[in-house]
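K.L.:
Before I ask anything, here is the structure I am working with.
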Amino acid sequence: DAKTTQPPSMDCAEGRAANLPCNHSTISGNEYVYWYRQIHSQGPQYIIHGLKNNETNEMASLIITEDRKSSTLILPHATLRDTAVYYCITLYTGRRALTFGSGTRLQVQP
Amino acid sequence: EPEVTQTPSHQVTQMGQEVILRCVPISNHLYFYWYRQILGQKVEFLVSFYNNEISEKSEIFDDQFSVERPDGSNFTLKIRSTKLEDSAMYFCASSEPDSLGDTQYFGPGTRLTVL
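Respectively, the protein sequence lines represent chains A and B. Numbering follows my numbering, with no gaps: position 63 of the first sequence is 63. Numbering follows my numbering, with no gaps: position 115 of the second sequence is 115.
Next comes the structure, spelled out in structure tokens:
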């Protein structure tokens, strides 16, 4: 699976959009990009994933660049409950083991 | 909404004792996983399980560990002889892979403390 690089921490004002970047420059054509988050010591929570196209669900939007070397997770209206560590993970089709890095610690400020 | 459940939430044991951590995956899921997270460290993959056998395991998952699906609902992780370094949060996950990928859903975790 491709190595991912994320900033260690970010701040965001409550109600504003949080844009979390991820670099995965060595990603291959059959690797998905997944985003999970972990609130305090709880189990990781799935947010969204994509292969080539931008994706949106009720939690977030995922923007993948055309060359697929980077992506951005967008939380459109961050709340205090979105304070968590956010993980960007790539995964080959057919592989199962998620490799968690250090992620980005997002602090939503009131 | 269906969710993965784990019991107990906290397990304290003496070094050298056997422990069994239990998980109830989401009912229609076919793949099951165990991960662990030592305090302050990254979440680490241990093992994946499909069709009643291990499909993938990490270097951490040595002979001290075993997994089992004893019935149609439970999925267990056994640590045969616990060591101090086994103290960690253990997360169970399950998934139902489809053409859109393999989204894993995690349980709340069991905190294992080895004394």
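All C-beta atoms, glycine included, are put in the ideal place defined by N, C-alpha and C.
(1) Identify, in the order they occur along the chain, each residue of the same chain with its Cβ nearer than 7 angstroms to the Cβ of Y86/A, setting aside the five sequence neighbours on each side.
(2) Across the segment 73-82 of chain B and the segment 3-19 of chain B, are there enough close Cβ pairs to call them in contact, namely three or more that are closer than 8 angstroms?
(3) Quick one: any contact between the segment 62-79 of chain B and the segment 29-47 of chain B, if contact means 3 or more CB pairs under 8 angstroms?
(4) By the criterion of Cβ-Cβ separation under 7 angstroms, what are the contact partners of G107/B in chain A?
(5) Taking the alpha carbon of L112/B as the reference point, which residue from D62/B, R69/B, M89/B, V24/B has its own alpha carbon closest?
(6) Give the single residue among S94/B, Y33/B, V114/B, F106/B whose Cα lies nearest to the Cα of S27/B.
(7) In whole angstroms, give me the CA-to-CA distance for V24/B and N57/A.
(8) Looking at the secondary structure, which residues open and close the beta strand (DSSP E) in which T76/B lies?
(9) Please work out which residues of its chain come closer than 6 angstroms, Cβ to Cβ, to V67/B, disregarding the five sequence neighbours upstream and downstream, and give them in chain order.
(10) Using the beta-carbon of each residue, which ones in chain A are nearer than 9 angstroms to Q104/B?
(11) With 16 other CB atoms within 10 Å as the buried threshold, where does I20/B fall?
(12) Just verifying my parser: in three-state terms, what is the DSSP assignment at L112/B?
(13) What does the Cβ neighbour count give for H77/A, buried or exposed, with the cut at 16 atoms within 10 Å?
(14) Which residues, in order along the segment 49-77 of chain B, keep a beta-carbon less than 9 angstroms from a beta-carbon of chain A?
(15) Excluding the 5 residues preceding and the 5 following R69/B in the sequence, name in chain order all residues of the same chain whose CB lies nearer than 8 angstroms to its CB.
(16) Please identify, using Cβ separations under 9 angstroms, the residues of the segment 10-33 of chain A that lie next to chain B, in order along the chain.
(17) Tell me, which residues are paired with R37/A by DSSP?
P.N.:
Based on what the coordinates show:
(1) L20, W35, R37, L73, G103, T104, L106
(2) yes
(3) yes
(4) G43
(5) M89/B
(6) S94/B
(7) 26 angstroms
(8) From DSSP, the beta strand (DSSP E) with T76/B extends over 75-79.
(9) V47, F49, L77
(10) Y34, Y36, P44, Y46, R96, L98
(11) exposed
(12) strand
(13) exposed
(14) Y50, S55, E56, K57, S58
(15) Result list for R69/B: F32, F49, N52, F75, T76, in chain order.
(16) Y32
(17) Q45/A, Y86/A
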